[in-house]
Amino acid sequence: MSANAADGRRTLMVWGALGIVYVVWGSTYLGIRIAIETMPPLFHGSLRFVSAALLLAGFLLVTKGLAPFRMTLKQAGGAALVGLLLLTGGNGMVAVAEQHISSGLAALLVASVPLWLVLLRLAVRDRPAVLTLAGVLVGFGGVAALSLNGGGESAGTTGIVVILLGSVSWSIGSFLSSRIPMPPNVWTASAVEMLAGGAGLALVGATVGERFDVTAVSGRSWAALAYLVLVGSLVGFTAYTWLLGNAPISLVSTYAYVNPIVAVILGVLVVNEHVTVQIVLGGLVILIGVALVVSTERRARARAAPVAEKVAAPSG
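According to our numbering, the residues represented by the sequence shown are -5 to 310, in order.
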């Protein structure tokens, strides 16, 4: 296979995985909202991620044997740490926050992730291009215009603080994932992360006094949980994990801009929500921000490739 063909295939894989994260995670805000109607938020997350981890690990065991599970203690610990940051501290806090704030406002606050990532890059003297920073800021403005369409909603201070803390935790986990030892098999890494994150959610849930009453859970919430396990976690989170090792973090983080658009479209199709001028304008601004980030990162990679081939290639 020629270098150009390999690059083209890799580009298609990156955009395919990014498309999955765009669409799937845009729908999970609704899924979480429905699941926690009759389930405790932290235990719902624990069930979701532990179930997904066991399914993924079982699939790997049946199809590949023990080979994918060969890893060092440092690699297993790295994946567990990332799982705790992404899922216990990140996703778990989203579920808690959605008890107090709307899913639209949650999407807005989660969109602070790219801004935190830029600050983390600056902290290690990895200066992003000016246009990358501009794209992040423009995209955040678009998400604000889109999510604040429901400005009359009551937003609890508790929910806002919780989801901002969750966004910081998610940002740190994403940032560290490519800088610490991780299992060489990306699917194994996902399984370890989900198992650790799910265990962490169960421990925190028990600590804060959550109680899970199976008889009180509605069929609607069970269906939402099944969707979150099979699609949101197995498909979406695995695609995200692969992207973290195979695409620029500034490009991966653009999911935070696109997810609210997906949420709006689902609202129109499923519950007949109205699309306002503000929503249309906010969506256009988001797309401009995404385009700035994508084009800037692509040019940066093209310039770096001839002199830093090893930087562009994933370590596994």
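We put the beta carbon where it would ideally sit given N, CA and C, even for glycine.
Nearest to residue 172 (by Cα), restricted to the options 41, 32, 73: Here the question's residue 172 lines up with position 178 in the sequence shown. Among 41, 32, 73, the Cα nearest to that of residue 172 belongs to 73.
Check whether residue 137 and residue 35 have beta carbons under 7 angstroms apart: Counted from its first residue, the sequence shown places residue 137 at position 143. Counted from its first residue, the sequence shown places residue 35 at position 41. Cβ atoms of residue 137 and residue 35: not closer than 7 angstroms.
Burial state of residue 272 (16 or more Cβ within 10 Å): Numbered from 1 along the sequence shown, position 278 holds the residue referred to as residue 272. Exposed, because fewer than 16 other Cβ atoms sit within 10 Å of the Cβ of residue 272.
Cβ of residue 110 within 7 angstroms of any chain C Cβ: Although the question refers to chain C, the structure presented lacks it and comprises just one protein chain.
Sufficient close CB pairs (3 or more, under 8 angstroms) joining the segment 243 to 250 to the segment 102 to 115: yes
Delimiting residues of the alpha helix (DSSP H) encompassing residue 69: Looking up residue 69 in the sequence shown gives position 75. Taken as a continuous stretch (DSSP letters only), the alpha helix (DSSP H) holding residue 69 covers 67 to 77.
Residue 32 in three-state terms, based on DSSP: Locating residue 32 in the sequence shown gives position 38, counting from the first residue. In the structure shown, residue 32 sits in coil (DSSP, three-state: anything other than H, G, I, E or B).
Classification of residue 57 by the beta-carbon crowding that lies within 10 angstroms, buried from 16 upward: Position 63 of the sequence shown holds residue 57. Exposed, because fewer than 16 other Cβ atoms sit within 10 Å of the Cβ of residue 57.
Residue span of the alpha helix (DSSP H) that contains residue 87, given as start and end: Stepping through the sequence shown from its first residue, residue 87 is reached at position 93. It spans 86 to 91 - the alpha helix (DSSP H) in which residue 87 sits, taken as one unbroken run.
Sequence-distant residues of the same chain with beta carbon closer than 7 angstroms to residue 135, five excluded per side: Locating residue 135 in the sequence shown gives position 141, where the first residue counts as 1. Closer than 7 angstroms at the Cβ level, and outside the excluded window around residue 135, lie 279.
For residue 63, three-class secondary structure by DSSP: For the purposes of this step, residue 63 is taken as the residue at position 69 of the sequence shown. Note: residue 63 maps to helix in three-state DSSP.
Whole-number beta carbon distance between residue 227 and residue 43, since they are thought to touch under 8 angstroms: Numbered from its first residue, the sequence shown carries residue 43 at position 49. Numbered from its first residue, the sequence shown carries residue 227 at position 233. The Cβ separation is near 6 angstroms, so the contact holds.
Environment of residue 91 [buried if 16+ CB atoms lie within 10 Å]: As a position in the sequence shown, residue 91 is number 97, starting the count at 1. With 16 or more other Cβ atoms within 10 Å, it is buried.
From 182, 13, 155, residue whose alpha carbon lies closest to that of residue 54: Residue numbering aside, residue 54 sits at position 60 when the sequence shown is read from its first letter. When only C-alpha atoms are compared, the closest one is 182.
Neighbour-count burial assignment, residue 219, 16 or more Cβ in a 10 Å radius: As a position in the sequence shown, residue 219 is number 225, starting the count at 1. It is buried - the Cβ of residue 219 has at least 16 other Cβ atoms within 10 Å.
Under the three-state DSSP convention, the category residue 176 falls into: Indexing the sequence shown from 1 puts residue 176 at position 182. It is coil, neither helix nor strand.
Residue 38 - DSSP class collapsed to helix/strand/coil: Position 44 of the sequence shown, counted from the start, is the residue given in the question as residue 38. Looking at residue 38 - three-state DSSP - the assignment turns out to be helix.
As assigned by DSSP and simplified to three states, the class of residue 206: Taking the sequence shown and counting its residues from 1, one reaches residue 206 at position 212. Coil, per DSSP.
Coil, strand or helix - residue 119 by DSSP: For this step, residue 119 is matched to residue 125 along the sequence shown. In this structure, residue 119 counts as coil in the three-state DSSP scheme.
Contacts around residue 28, its chain only, beta-carbon distance under 7 angstroms, and the 5 residues preceding and following it disregarded: Position 34 of the sequence shown, counted from the start, is the residue given in the question as residue 28. For residue 28, where only same-chain residues beyond five positions count, the Cβ hits under 7 angstroms are 214, 215, 218.
Same chain, Cβ closer than 7 angstroms to residue 225, five either side skipped, listed in chain order: Mapped onto the sequence shown, residue 225 falls at position 231. The residues are 18.
Given 8 angstroms, three or more beta-carbon pairs between the segment 176 to 193 and the segment 95 to 105: no
Residue environment, residue 179, which counts as buried when at least 16 other CB atoms sit within 10 Å: The count along the sequence shown starts at 1 and reaches residue 179 at position 185. Buried: at least 16 other Cβ atoms inside 10 Å.
Pairwise C-alpha distance: residue 167 and residue 125: Taking the first residue of the sequence shown as position 1, residue 125 is located at position 131. Taking the first residue of the sequence shown as position 1, residue 167 is located at position 173. Looking at the two C-alpha atoms, the distance is approximately 24 angstroms.
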